[in-house]
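**Student:**
Below, the structure written as structure tokens:
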């Protein structure tokens with residue numbers, strides 16, 4: 181049984197002040213990642229597969 185006082189490390193909402201985005205290809209929500217730090221404002225896709233236009237899902 182899970183301990184209700186234990187923190188899971190995941191917090192709802194924004195990560196490091198960056199809101200979640202919705203992938204323009206597959207429609208899945210995705211969160212800010214360190215590798216996207218410099219260009220988070222221009223990130224539109226959740227993965228390389230979606231960015232290349234292949235079917236995801």
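Residue numbers (my numbering): 181 to 237. From the three backbone atoms N, C-alpha and C, an ideal C-beta is built for every residue, glycine too.
1) Residue 220 to residue 212, Cα distance in whole Å?
2) Does the Cβ of residue 205 have 16 or more other Cβ atoms within 10 Å, making it buried, or fewer, making it exposed?
3) Would residue 201 and residue 209 be called neighbours here (beta carbons separated by less than 9 angstroms)?
4) I believe residue 231 touches residue 225 by the beta-carbon criterion, under 8 angstroms. Please report the beta-carbon distance rounded to the nearest angstrom.
5) According to the Cβ coordinates, are residue 222 and residue 203 closer than 9 angstroms?
**Tutor:** Let me spell this out:
1) 7 angstroms
2) buried
3) yes
4) 4 angstroms
5) no
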